[in-house]
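Remarks on the structure that follows.
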Amino acid sequence: MQGPTQDTDGRVARASVALVAIVAALISPAGAALNTAAPIGSAPYVSAGDLPAWRPLTPAEQRLFDLGDAVFNTPFVPVGTPGAERRSGLGPLFNAAACDQCHNEGAHGRGPIGDGPAPAAVVIELQTMVGEERLDAGDPSYGHVLNTQAVAGVVPEAEVLIHYGSREGHYADGTPWSLRVPSYEISGLHYGPLEPTTVLEPRIAPPLFGLGLLEAVPGPQMRAPLGSADAGHFNWQGTAPSILEQTTRAFSREMGLTTSVLPRDDCTLSQVACGQLSAAASVPEVQEELLQALLAFEHWVAVPTPLPTGAVVPPPGSAELFAALGCLACHQSQLQVTLDVPLEGRREQVIAPYTDLRLHDLGRGLDDKTVAGRPVPSRWRTAPLWGLGYRLRHPIALTFLHDGRARSVDEAILWHEGEALRAREAYIKLNAVQREKLLQFLSSL
Amino acid sequence: MGSRGRLVVGALMLFLGSAAIQAADAAGGCQFAWDVSHEQALFNGAVKTVAAGHAMSAAPQLVPDQLYELALAPQEQVTFAVAPGKKMLSDGAYAGVAHVHIAQAGTYRVSLSAPFWVDLASGDKLIVSGDFTGSPHCDTPRKIVQFVLPAGEFALQLSGATSAQVRVTVTSAPTSNAGTNAGH
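One line per chain: the protein sequences are A and B, in this order.
Here my numbering is used: position 292 in the first sequence is 292, and no number is missing along the way.
Here my numbering is used: position 38 in the second sequence is 1038, and no number is missing along the way.
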């Protein structure tokens, strides 16, 4: 879909890292024996239609990156569309026709701005509770994602409406706050009822920033997600272990596009027309060359630096405030990565993603629920904060947390409970000047 | 139509039956993030059919507040004033260009009956769009892109289309964009 476009060539080969380096040096987690080199990964997003890579690319790599960028932006079309060839295969059931429709300009999904139909970037993933275990088995009638669109001859699975209640409170200085508490209305269920034990998981499309670098973080620091054998670096709950798996899942479940890795659409036995059309389509629908190009694009796409470079300087003491609140316990300023290809002669590098890539209990307020209404204890991968400054400068329908309920960074912090309760309590004790100072620091990431 | 139902999870409630069908139908209609009543009125009015240009030198002039049905050409036959703002695969795609004159600076909308890519260019520069909205179950219109424009001449470029025709309007935007989640 449409989004901001610019006319300037945004291809910047090498990260511009000075600001991040200064901040990271200030607030490296205590005791972390990290490389003292400047963090890698960021580059100015000069043109939102032409995202940069985080490292210099060879001409062949640049061509692959550009092709992947094109695949990312391309709306796929149903089988049988005349001449569509490489972009054929959408559906039968789907949520969006292009990656870019949800991960707009690679930055973030456009979140819900109020009551009404769920925006395209918010999908309802479906998982199954078996006893106390949450399994990635999907709903028997609806599969792994509730698909709100379909090709001709197939009926979409349902419509999703969001309604918000509110949760009120105030800071220690008396300033009131109000949080949006979402409820989800699933209407027009066309293939029978959902199973009472199905877990409804509203999830907004996250930014793509620095995915390849997150994948390069060594794995042992992961905890296994509740109820899942997977323990990955990706997804709101770390359920995808690799960019490949996350991408092919999204193709299959949200776009109805088969790949060499996931050669099946997400049709269920209840969905006869879906199954028939899917069986008649050639497999894979996403040509291998295009899949590899998209993966390369996702691997190399950079983290945006503040623009213009160096213009956003966090106020003195703001980084220390972030640390003093305890945010660094999870939003770690630096992680070590091991690159496949050396950068400036070294495979071992440092990134500044402001995440530990671990799963944490953030309290019952964020729990998913089953169809029967049972809260399901949920743990969340610490959301990377790098690129937050860029997102805050492009605030169209900008929302936060896994379902986009938070309308501001402030609200997102206030939803932190569970393991983050002490940090939240410390934040509530800040006065308005201190809160603004913290926001300025976050805006510099 | 099979069984249809409505389910509310949060403060959880479950409804089944006719009320649910009505709710589903209402949600499935034309819903946009903004007030698009002017654009919808135009899309339900008289239409003027013209051939889009293969190049700006042969492009038609479009007038604001008029609904056009543009006949497009295979994209490989079209020469754009400026390369489209996003890289995309163009297999089987249609495209076309047109002139638009904007008499007074302001915020304008380009509305399309299908979710194709649209750019506005001034000289050799693309105009950065401000925002967009869309309604996937609707074609009157389907997609609307908003631009802040100075007065002047612009190239309207359509690309990546999956059909050889598209209906288009150019309109001045109302002062407020208040609306719903739809289209985001």
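Cβ atoms here follow ideal geometry from the backbone N, Cα and C, with glycine treated the same way.
As the structure is a prediction and not an experimental result, all values here were calculated from the model.
One or two residues paired with residue i in a DSSP bridge
| i | result |
| --- | --- |
| B/K1048 | B/Y1068 |
| A/M129 | A/R134 |
| B/P1074 | B/Y1094 |
| B/K1125 | B/S1122 |
| A/P78 | A/L90 |
| A/W380 | A/H360 |
| A/Y113 | A small correction: the amino acid at residue 113 of chain A is Ile; Tyr does not occupy that position in the sequence shown. None, per the DSSP bridge assignment. |
| A/L295 | Answer is none; A/L295 lacks a bridge partner. |
| A/P304 | A/A43 |
| B/F1154 | B/V1100 |
| A/F400 | A/A406 |
| A/P176 | A/H170 |
| A/L200 | A/L126 and A/K369 |
| B/D1131 | B/Q1146 |
| B/R1167 | B/E1069 |
| A/A120 | According to DSSP, which records beta bridges pairwise, A/A120 is partnered with nothing at all. |
Within chain B, the residues that residue i reaches when beta carbons sit closer than 9 Å
| i | result |
| --- | --- |
| A/Q149 | P1136 and H1137 |
| A/D66 | K1087 |
| A/P377 | Those within 9 Å of A/P377 in chain B number zero; the least Cβ separation is about 16 Å. |
Any non-hydrogen atom of the ligand MG within 6 Å of residue i CB
| i | result |
| --- | --- |
| A/I413 | Although the ligand MG was asked about, the structure shown includes no ligands whatsoever. |
Reduced DSSP secondary structure (H/G/I, E/B, other) of residue i
| i | result |
| --- | --- |
| A/K437 | helix |
| A/P206 | coil |
| B/H1099 | strand |
| A/S252 | helix |
| A/A32 | Interpretation of A/A32 is limited by its pLDDT of 43, a score under 50 that renders its predicted location unreliable; the figure taken from the coordinates is listed afterwards. It is coil, neither helix nor strand. |
| A/R405 | coil |
| B/L1062 | strand |
| B/M1013 | Confidence is the limiting factor: at B/M1013 the pLDDT is only 36, short of 50, which leaves the residue's position unreliable and the question unanswerable from this model. |
| A/S444 | coil |
| A/N235 | coil |
| A/E425 | helix |
| A/L64 | helix |
| A/S141 | coil |
| A/L325 | coil |
| A/V286 | coil |
| A/Q334 | coil |
| B/H1038 | helix |
| B/T1162 | coil |
| B/S1057 | helix |
| A/N104 | strand |
| B/Q1022 | Confidence is the limiting factor: at B/Q1022 the pLDDT is only 28, short of 50, which leaves the residue's position unreliable, though a coordinate-based value still follows. Looking at B/Q1022 - three-state DSSP - the assignment turns out to be helix. |
| A/V272 | helix |
| B/Y1108 | strand |
| A/A150 | strand |
Distance between beta carbons of residue j and residue i, contact taken as under 8 Å
| i | j | result |
| --- | --- | --- |
| A/L51 | A/G116 | About 30 Å separates the two Cβ atoms, so there is no contact after all. |
| A/T399 | A/P112 | 7 Å |
| A/C102 | A/A38 | Actually they are not in contact, since the Cβ atoms of A/C102 and A/A38 sit about 32 Å apart, beyond 8 Å. |
| A/L211 | A/V71 | Not really, about 15 Å apart at Cβ, beyond 8 Å. |
| A/G389 | A/S318 | Between A/S318 and A/G389 the Cβ distance is about 13 Å, and since that is not below 8 Å, they are no contact. |
| A/L90 | A/G256 | 6 Å |
| A/T448 | A/L126 | Since the first residue of chain A shown is 1 and the last is 445, residue 448 of chain A is not available in this structure. |
| B/Y1094 | B/S1163 | 7 Å |
| A/P353 | A/P384 | 4 Å |
| A/T305 | A/S47 | With 8 Å as the limit, A/T305 and A/S47 do not qualify as a contact, their Cβ atoms being about 14 Å apart. |
| A/A406 | A/H416 | At roughly 10 Å, the Cβ-Cβ gap does not stay under 8 Å, so A/A406 and A/H416 are not in contact. |
Proximal residues of chain B, C-beta to C-beta of residue i below 7 Å
| i | result |
| --- | --- |
| A/D69 | K1087 |
| A/I396 | D1131 |
Partner residues on chain A for residue i, Cβ-Cβ distance less than 8 Å
| i | result |
| --- | --- |
| B/Q1031 | G116 and P117 |
Residue-chain proximity (residue i, chain C), Cβ-Cβ < 7 Å
| i | result |
| --- | --- |
| A/G49 | Absent from the structure: chain C. Protein chains present are A and B. |
Under 7 Å from the C-beta of residue i: neighbouring residues of chain A
| i | result |
| --- | --- |
| B/G1092 | T81, P82, G83, A84 and E85 |
Please name the residues in the stretch 71-96 of chain A whose beta-carbon is closer than 7 Å to at least one beta-carbon of chain B, in chain order.
V71, N73, T74, P75, V77, T81, P82, G83, A84, E85, R86 and R87
Counting only Cβ-Cβ distances shorter than 7 Å, please list the residues of the stretch 1043-1058 of chain B near chain A, keeping chain order.
none
With 7 Å as the limit, tell me which residues of the stretch 1120-1135 of chain B have their beta carbon closer than that to any beta carbon of chain A; keep them in chain order.
K1125, L1126, V1128, S1129, D1131, F1132 and G1134
Under 8 Å, CB to CB, which of the residues in the stretch 1147-1165 of chain B have a partner in chain A?
G1160 and T1162
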